[in-house]
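Asker:
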Amino acid sequence: MTQYSLNINGDYFTVDCQNEAPLLWVLRDQLQLTGTRFGCGTGLCGACTVLLNGAPVYSCDTPMWSVGDKVIQTIENQMNPTLRKVKACVSSNQAGQCGFCLSGIMMRATAMIDSGVELTRESVAENLDGNLCRCGAHNRIIDAVLQAGS
Amino acid sequence: MSIPDSLIKAPNVSDWLDFARNDYVGIKTGKVEFGQGILTALRQIVADELNLPLENCHPVPASTTFSPNEGFTAGSLSVQESGSALRLASATARVHAGSHSYWSVATTSGWDIPIDLDVFVKRAEDYLLVGHNAHRIDLDQKIQGKPSYIHDVRVDGLLYARVLRPPTVESRLVDLNENEVTLAPEIVKIIVDGSFVAVIAQDEFSAQQVVTKLAEVSVWSTAGRGFSDENLADFLATAPAESHVLHEQGVIDPGALSFKASYSRPYISHASIGTVTAIAQWDDDRLQVWSQTQGVYPLRSDMARAFRIDVDRIMVTHVEGAGCYGHNGADDVAFDAALVARHVPGRRVLVSWSREDELSWAPFGPAMSVDLAATVNDAGQITHWSHTVRGNGHSSRPSTLSSPSLLAYSHLSNGAPIPPAGDPPIQRGGGTGRNSVPLYDFENSLITAERLLDMPIRTSAMRALGAHINVFAIESFLDELALGLGEDPIEFRLRHLSDPRGRDVIMKVAEISGWGKKLPDGCGQGIGFARYKNKSAWCAVVAQVEVETRVKVAHLWIAVDVGLVINPDGVINQIEGGALQSMSWTTKEQVRISQGRVTSNNWEDYPILKFSEVPIVQTEIISRPEMPALGAGEAAIGPTGAAIANAVARAIDVRVRNMPLTRENIIAAMES
Numbered sequence: 127m128t129q130y131s132l133n134i135n136g137d138y139f140t141v142d143c144q145n146e147a148p149l150l151w152v153l154r155d156q157l158q159l160t161g162t163r164f165g166c167g168t169g170l171c172g173a174c175t176v177l178l179n180g181a182p183v184y185s186c187d188t189p190m191w192s193v194g195d196k197v198i199q200t201i202e203n204q205m206n207p208t209l210r211k212v213k214a215c216v217s218s219n220q221a222g223q224c225g226f227c228l229s230g231i232m233m234r235a236t237a238m239i240d241s242g243v244e245l246t247r248e249s250v251a252e253n254l255d256g257n258l259c260r261c262g263a264h265n266r267i268i269d270a271v272l273q274a275g276s
Numbered sequence: 003m004s005i006p007d008s009l010i011k012a013p014n015v016s017d018w019l020d021f022a023r024n025d026y027v028g029i030k031t032g033k034v035e036f037g038q039g040i041l042t043a044l045r046q047i048v049a050d051e052l053n054l055p056l057e058n059c060h061p062v063p064a065s066t067t068f069s070p071n072e073g074f075t076a077g078s079l080s081v082q083e084s085g086s087a088l089r090l091a092s093a094t095a096r097v098h099a100g101s102h103s104y105w106s107v108a109t110t111s112g113w114d115i116p117i118d119l120d121v122f123v124k125r126a127e128d129y130l131l132v133g134h135n136a137h138r139i140d141l142d143q144k145i146q147g148k149p150s151y152i153h154d155v156r157v158d159g160l161l162y163a164r165v166l167r168p169p170t171v172e173s174r175l176v177d178l179n180e181n182e183v184t185l186a187p188e189i190v191k192i193i194v195d196g197s198f199v200a201v202i203a204q205d206e207f208s209a210q211q212v213v214t215k216l217a218e219v220s221v222w223s224t225a226g227r228g229f230s231d232e233n234l235a236d237f238l239a240t241a242p243a244e245s246h247v248l249h250e251q252g253v254i255d256p257g258a259l260s261f262k263a264s265y266s267r268p269y270i271s272h273a274s275i276g277t278v279t280a281i282a283q284w285d286d287d288r289l290q291v292w293s294q295t296q297g298v299y300p301l302r303s304d305m306a307r308a309f310r311i312d313v314d315r316i317m318v319t320h321v322e323g324a325g326c327y328g329h330n331g332a333d334d335v336a337f338d339a340a341l342v343a344r345h346v347p348g349r350r351v352l353v354s355w356s357r358e359d360e361l362s363w364a365p366f367g368p369a370m371s372v373d374l375a376a377t378v379n380d381a382g383q384i385t386h387w388s389h390t391v392r393g394n395g396h397s398s399r400p401s402t403l404s405s406p407s408l409l410a411y412s413h414l415s416n417g418a419p420i421p422p423a424g425d426p427p428i429q430r431g432g433g434t435g436r437n438s439v440p441l442y443d444f445e446n447s448l449i450t451a452e453r454l455l456d457m458p459i460r461t462s463a464m465r466a467l468g469a470h471i472n473v474f475a476i477e478s479f480l481d482e483l484a485l486g487l488g489e490d491p492i493e494f495r496l497r498h499l500s501d502p503r504g505r506d507v508i509m510k511v512a513e514i515s516g517w518g519k520k521l522p523d524g525c526g527q528g529i530g531f532a533r534y535k536n537k538s539a540w541c542a543v544v545a546q547v548e549v550e551t552r553v554k555v556a557h558l559w560i561a562v563d564v565g566l567v568i569n570p571d572g573v574i575n576q577i578e579g580g581a582l583q584s585m586s587w588t589t590k591e592q593v594r595i596s597q598g599r600v601t602s603n604n605w606e607d608y609p610i611l612k613f614s615e616v617p618i619v620q621t622e623i624i625s626r627p628e629m630p631a632l633g634a635g636e637a638a639i640g641p642t643g644a645a646i647a648n649a650v651a652r653a654i655d656v657r658v659r660n661m662p663l664t665r666e667n668i669i670a671a672m673e674s
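One line per chain: the protein sequences are A and B, in this order.
The first sequence begins at 127 in the numbering used here and counts up one residue at a time.
The second sequence begins at 3 in the numbering used here and counts up one residue at a time.
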């Protein structure tokens, strides 16, 4: 067991956990930040995507020892204006069905918008290939991201 | 009008509506939400009929303690069944209340009054909420990342468990060797019963770690038939079956028909993004279960059978899970949780499946084959048509088989194997034979469904059931015949179809897709059409594809008629979602099984549609407010698969009859 101090969504938390414990389970089980989803545990579906220093990572595949003092952002973050806009556009487009994939998708989209790359239907879709959606809400999600980035 | 089934079992207003406190109406539907937006649509119906704002009306999650028993939330029937019942209950309440408020009636005479089946319900033109877009009740909470799913329930003292499944569908535990595993203080208990093994821990990660270690040290028998998917065609052709003639008209000798073709699809997986999860707690001899099940009552019945206790001792309450597209592992994991929780009385235990188990152990959509034959007369009219569909059954849902169909029951020392899957009754659209009877006007036809009695791997209901391949086959074969005659596939269909609403969706989709326009080489448009179950929504789809090294679907145009539309945005979301899911199944998906082991147990070996592969989708609803409301969730599945196959045939002149339409299957079709 190791003690970690974490900066998550602008707040500081202290947790005791194994070095190898994935960030995902620390968020969900120890800190009760359950908005980050478990989908596969192997970094293939993107449901668990969070931002570390603004960059998207698979939290299921991110061991605690690798987090260090990086700033963590999860879907619960109220302070990030881009994320707020993404959420508002996903809502106004009703861009979801079961919604389980949305946390990870919105985190990745936030990073993409903040990176300043050109947003087109194709670039957004390719960027989101690291995230899976099974209900078929893809087009609405792409529209929402384009809208949030405009 | 016949009495909705739902009302026979729950005949009073109070069975459906709860006016317990001022300005609040509890909507007690027996149907459950799993991302399809049903609670939002039911709320529109109730609020409109009660003349109340949406904000006053609150659907209550289904529970065996107070909800009407509406069986399963399945078959695109929720708007028809629960919607009809709630509309009548609400109209009865409105008329009964008269000039009084609903809540004053609740405190004076109460709402235990029978629902009037002949009550005056609002006319379509008087609707204020129905027919207009409504925001989903549940979506914003999910978007904000607030606790929304059963996975997110956190209560004091909650324990977590994971299950160690056998390495193959038939192997049995010989020796667990748990002494070889060092247990951290977070581990509460290891449970072994026959071949059922579970680990209870203070947290989910610790439980998973021990399960992974136990998988390495445990010893399992390898006996059994060792089924592999490379033998699938042979299995489908030769397995013993129960044969049902679903439709026979005129005189027909299938052997004497001039044109023949065979089609197939492999096993397919639900592949939800979230893994199934449940919570259970035992207190003395009472069991409480929180589950993402599609049917709280049938799950309760099957658990009562498995535990050999009275149903009254079990309470099942619905809590949302990730997307549900049929009978997945939701009921199985509820039973897992109940089995595990029995060992820690008074404690709540949450059980989640791993991704590998989700893709290996949830029931699969059955592999199927269809043999078609037809004769066309000199006038180019199909005169004889024969259709034989084979495959395992489409329902091993809880409490529908001769013994419990909950996965772990087949692993317990005092359990029993899960019997071969059955099929839903034909009145509910059948299973294997769903949509096998063509809607077209053929003078002579013989339609046979053969449900296999040997089930090497568990199958059950997956969105649209047999309609996926039956429509794929019918619509592919029609194109083969039309193109053989040198006729336009849409004209050919219209010449054989008198059903007016069917003709309308086909003509509409031809119009919006620019059907018949000149396309570049390697591109093609194709059409698919069906009326779901021959008695629900009409749907026609045109796909436009480009084929180079693989199939790229560039565009889907969809025309749909669901009668009265409750929530137009909800219908479009369901139709487009169904189309994209069908596209994924049809072009990419197949479960791989090697010697009894499912090897397609991760997202690399079971790839599904990616964002960059998604076509532009354009949907047009043909609104018919005067007609009954029909479900939308499954209508696009069959037509989309067929439209893509027909577009591929137009693009490269190769008819691919075996799904999925992968590079390998296209090459195989070229070479055959």
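Quick reminder that beta carbons are idealized off the backbone N, C-alpha and C, glycines included.
CA-CA distance, B:Asp177 and B:Asp312?
Answerer: Going by the C-alpha atoms only, they are around 34 Å apart.
Asker: Residues of the stretch 137-154 of chain B in Cβ contact with chain A at a cutoff of 8 Å, in chain order, please.
Answerer: Cβ contacts with chain A come from His137, Arg138, Asp140, Leu141, Asp142, Lys144, Ile145, Gln146, Gly147, Lys148, Pro149, Ser150, Tyr151, His153 and Asp154.
Asker: Looking at the secondary structure, which residues open and close the beta strand (DSSP E) in which A:Asp142 lies?
Answerer: Counting along the chain, the beta strand (DSSP E) containing A:Asp142 begins and ends at Asp137 to Cys143.
Asker: Please say whether B:Val473 and B:Ala644 have beta carbons closer to each other than 8 Å?
Answerer: Closer than 8 Å, so yes.
Asker: Taking buried to mean at least 16 other C-beta atoms within 10 Å of its own C-beta, is B:His102 buried or exposed?
Answerer: Counting Cβ neighbours within 10 Å, B:His102 comes out exposed, since fewer than 16 surround it.
Asker: Kindly indicate the opening and closing residues of the alpha helix (DSSP H) around B:Phe261.
Answerer: It is not in any alpha helix (DSSP H) - B:Phe261 instead sits in the beta strand (DSSP E) that spans Phe261 to Arg267.
Asker: Applying a beta-carbon distance threshold of less than 9 Å, which residues of chain A neighbour B:Gln583?
Answerer: Chain A residues near B:Gln583: Arg260, Cys261 and Gly262.
Asker: With 8 Å set as the bound, which would you pick, yes or no: does the beta-carbon of B:Glu127 sit closer than that to a beta-carbon of chain A?
Answerer: So, not an interface residue.
Asker: Determine whether the Cβ of A:Thr188 lies closer than 8 Å to any Cβ atom of chain B.
Answerer: No, A:Thr188 lies away from the interface with chain B (no Cβ there is under 8 Å from its Cβ).
Asker: So B:Gln583 is in the alpha helix (DSSP H); what residue range does that whole segment cover?
Answerer: From DSSP, the alpha helix (DSSP H) with B:Gln583 extends over Pro570 to Lys590.
Asker: Does any C-beta atom of chain A lie closer than 8 Å to the C-beta of B:Asn575?
Answerer: For B:Asn575, the answer is yes, since a Cβ of chain A falls inside 8 Å of its Cβ.
Asker: Output the distance between the C-alpha atoms of B:Gln576 and B:Ala451, rounded to the nearest integer angstrom.
Answerer: Rounded to the nearest angstrom, the two C-alpha atoms are 28 Å apart.
Asker: Mind checking which residues open and close the alpha helix (DSSP H) that includes B:Asp154?
Answerer: No alpha helix (DSSP H) contains B:Asp154, which DSSP labels as neither H nor E.
Asker: In this structure, what does DSSP give as the bridge partners for B:Gly367?
Answerer: B:Gly367 pairs with B:Ile270.
Asker: Given this structure, state the Cα-to-Cα distance separating B:Val593 from B:Ala324, to the nearest angstrom.
Answerer: Rounded to the nearest angstrom, the two C-alpha atoms are 21 Å apart.
Asker: Report the neighbours of A:Gly165 on chain B: residues whose CB is nearer than 8 Å to its CB, in chain order.
Answerer: The contacting residues are Ile275, Gly276, Thr277 and Arg357.
Asker: Hey, which unbroken runs of the alpha helix (DSSP H) at 4 residues or more fall wholly within the stretch 185-212 of chain A?
Answerer: Segments of the alpha helix (DSSP H) lying fully in the stretch 185-212 of chain A: there are none.
Asker: Is it the case that the Cβ atoms of B:Ala634 and B:Val562 are separated by a distance below 8 Å?
Answerer: Yes, Cβ-Cβ distance for B:Ala634 and B:Val562 is below 8 Å.
Asker: Output, in chain order, the set of chain A residues within a Cβ distance shorter than 8 Å of B:Val530.
Answerer: Checking the sequence, you will find Gly at residue 530 of chain B rather than Val. Under the 8 Å cutoff, chain A gives no residues; its nearest Cβ is about 17 Å from B:Gly530.
Asker: On a Cα-Cα basis, can you pick out the residue from B:Asn181, B:Val199, B:Phe261 and B:Glu172 that is closest to B:Pro230?
Answerer: The sequence given here places Ser at residue 230 of chain B; Pro does not occur at that position. Among B:Asn181, B:Val199, B:Phe261 and B:Glu172, the Cα nearest to that of B:Ser230 belongs to B:Glu172.
Asker: B:Asp359 and B:Arg167 look like a contact to me (Cβ under 8 Å); what is the Cβ gap, rounded to whole Å?
Answerer: 5 Å between Cβ atoms; contact.
Asker: Within a Cβ cutoff of 8 Å, which residues of the same chain sit near A:Asn257, ignoring the five residues on either side of it in sequence?
Answerer: Once the five neighbours on either side are set aside, the close Cβ partners of A:Asn257 are Cys171, Gly172, Ala173, Thr175, Cys227, Gly230, Ile231 and Arg234.
Asker: DSSP three-state label for B:Gln429, please.
Answerer: DSSP places B:Gln429 in helix when its eight states are reduced to three.
Asker: May I ask you to report which of helix, strand or coil DSSP gives B:Gly486?
Answerer: It is helical.
Asker: Name, in chain order, the residues that DSSP records as bridge partners for B:Ala683.
Answerer: Look at the range of chain B in this structure, 3 to 674, and you will see that residue 683 of chain B is not part of it.
Asker: Pull up the distance between the alpha-carbon of B:Ser208 and that of A:Leu153, whole angstroms please.
Answerer: Those two C-alpha atoms are separated by around 14 Å.
Asker: Below 8 Å between beta carbons is the criterion; list the residues of the stretch 205-227 of chain A that meet it against any residue of chain B, in chain order.
Answerer: Listed in sequence order: Lys213, Val216, Ser217, Gln220, Gly222, Gln223, Cys224, Gly225, Phe226 and Cys227.
Asker: Over what stretch of residues does the beta strand (DSSP E) that includes B:Asn446 continue unbroken?
Answerer: Run containing B:Asn446: Asn446 to Leu454, per the beta strand (DSSP E) assignment.
Asker: Between A:Asp155 and chain B, is any beta-carbon pair separated by less than 8 Å?
Answerer: Yes - at least one Cβ of chain B is within 8 Å of the one on A:Asp155.
Asker: Tell me, please, whether the CB atom of B:Leu663 is closer than 8 Å to any CB atom in chain A?
Answerer: It does not; no Cβ of chain A falls within 8 Å.
Asker: Going by DSSP in three states, A:Ile134 sits in which element: helix, strand or coil?
Answerer: Note: A:Ile134 maps to strand in three-state DSSP.
Asker: Using the Cα positions of B:Ala241 and B:Lys510, report the straight-line distance between them to the nearest angstrom.
Answerer: Going from the Cα of B:Ala241 to the Cα of B:Lys510 covers about 42 Å.
Asker: If we count the other Cβ atoms within 10 Å of its Cβ and call it buried at 16 or more, is B:Val681 buried or exposed?
Answerer: With chain B represented from 3 up to 674, any question about residue 681 of chain B goes unanswered, as that position is not in the structure.
Asker: If we count Cβ pairs, one from each stretch, closer than 8 Å, do we get three or more for the stretch 40-54 of chain B versus the stretch 267-276 of chain A?
Answerer: Flag = no, the stretch 40-54 of chain B and the stretch 267-276 of chain A do not touch.
Asker: Taking the alpha-carbon positions, what's the B:Arg460 to B:Gly159 distance?
Answerer: One C-alpha to the other measures close to 35 Å.
Asker: Is B:Lys520 buried or exposed, if buried means 16 or more other CB atoms sit within 10 Å of its CB?
Answerer: The residue is exposed, with fewer than 16 neighbouring Cβ atoms inside 10 Å.
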